[in-house]
Amino acid sequence: MMTRAARSTSFLSSKGAMGVRTKTVKRAARVIIEKYYARMTMDFQTNKRVCEEVAIIPSKALKNKIAGYATHLMKRIQRGPVRGISLKLQEEERERRMDFVPEVSAVDTDVIEVDPETKAMLRQLDMASLPGIVLQNASSGGWKSEGSKRR
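Using the UniProt record's numbering, the letters of the sequence shown map in sequence onto residues 1 to 151.
Structure (C-alpha cells):
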C-alpha cells in the first residue's frame with residue numbers, strides 16, 4: 001500500500017492524475033507544440049495521436065497529461081501569445097503589428113470638435129484662437145441627453 005506522501009508525489013498513479021501538472025509534462029507539451037504546431041489542434045484526441053507519433057512517452061497516463069496540457073496551451077495560443085512558447089507565427093504577428101504604419105495618422109486632424117466647457121477652458125488659458133477648434137453641437141454626445149428622461 002502506498003503512503004499518502006508517495007501517492008501525492010507520483011504523477012503516474014491513477015489518483016495523482018487529477019493533481020498538479022509537473023514540470024516534465026509542461027516542458028514536453030511546450031516542446032511538442034513548438035516543433036509540431038502545424039499538426040496540433042484544439043481537440044484532445046487528435047493531439048493525443050500526434051504526441052504518440054512524435055514522442056516516445058513511457059505510459060498512457062503521462063501521454064494523456066501531455067496531450068491535455070498541449071490542448072490547453074493551443075487554446076491559450078488562440079487568444080494571444082503564450083509565455084514560454086516561441087512560435088514563428090507569433091513572432092511574425094508581433095513584428096507585423098510593430099511595423100504597421102497607418103496611411104493617415106489619427107493624430108493629424110484638421111478639425112477638433114470640443115464641447116462648450118472645453119472651449120471656455122481654452123479661452124481662460126488664452127488658447128481659444130488655436131486653428132481647427134470647432135464648437136460641438138450641444139445635443140450630440142454625452143451619456144445623458146435631454147430627451148432620455150424617464151417618466
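We put the beta carbon where it would ideally sit given N, CA and C, even for glycine.
Could you check if K48 is buried or exposed, using at least 16 other CB atoms within 10 Å of its CB as the buried criterion?
Locating residue 48 in the sequence shown gives position 48, where the first residue counts as 1. Buried, since its Cβ has 16 or more Cβ neighbours within 10 Å.
Can you name the residues that DSSP bridges to E113?
As a first step, residue 113 must be located in the sequence shown, where it is residue number 113. Its beta-bridge partners are V134.
CB-CB under 6 Å to A55, same chain, minus the five flanking residues each way: which ones, in chain order?
For this step, residue 55 is matched to residue 55 along the sequence shown. There are no such residues.
So what does DSSP say about T118, is it helix, strand or coil?
Numbered from its first residue, the sequence shown carries residue 118 at position 118. DSSP places T118 in helix when its eight states are reduced to three.
Is the beta carbon of T71 closer than 8 Å to that of D42?
In the sequence shown, counting from the first residue as 1, residue 42 sits at position 42. In the sequence shown, counting from the first residue as 1, residue 71 sits at position 71. Here the sequence assigns Met to residue 42, which means Asp is not the residue at that position. Yes, the Cβ-Cβ distance between M42 and T71 is below 8 Å.
Using 10 angstroms around the beta-carbon of N137, count the other beta-carbons present and answer buried if the total reaches 16, otherwise exposed.
For the purposes of this step, residue 137 is identified with residue 137 of the sequence shown, where counting begins at 1. Exposed.
Residues in the same chain with beta-carbon distance under 6 Å from L122, minus the five sequence neighbours each way, listed in chain order, please.
Residue numbering aside, residue 122 sits at position 122 when the sequence shown is read from its first letter. So the qualifying residues of the chain are A128.
Going by DSSP, what residue range makes up the alpha helix (DSSP H) through D99?
Here residue 99 corresponds to residue number 99 of the sequence shown, with the count starting at 1. That run of the alpha helix (DSSP H) goes 88 to 99.
Cα-Cα, which of E91, P116, G132, I33 is closest to V107?
As a first step, residue 107 is located in the sequence shown; it is residue number 107 there, counting from the start. Nearest of E91, P116, G132, I33 to V107, Cα basis: G132.
Counting C-beta neighbours from all protein chains within 10 Å, is the total for L73 16 or more, i.e. buried, or is it exposed?
By one-based count along the sequence shown, residue 73 stands at place 73. With 16 or more Cβ atoms within 10 Å of its Cβ, L73 is classed as buried.
Would you give the residue range spanned by the alpha helix (DSSP H) that L73 belongs to?
Within the sequence shown, numbered from 1, the residue matching residue 73 stands at position 73. From DSSP, the alpha helix (DSSP H) with L73 extends over 60 to 79.
Nearest-angstrom Cα distance between S86 and S59?
Residue numbering aside, residue 86 sits at position 86 when the sequence shown is read from its first letter. Residue numbering aside, residue 59 sits at position 59 when the sequence shown is read from its first letter. Going by the C-alpha atoms only, they are around 27 Å apart.
Take the Cβ of G98 as the centre, count every other Cβ of all protein chains shown within 10 Å, and call the residue buried at 16 or more, exposed below.
Here residue 98 is taken as the residue at index 98 of the sequence shown, counted from 1. One detail in the question is off: residue 98 reads as Met in this sequence, not Gly. M98 comes out exposed.
Which of helix, strand or coil does DSSP assign to T24?
Taking the sequence shown and counting its residues from 1, one reaches residue 24 at position 24. Here T24 sits in helix by DSSP.
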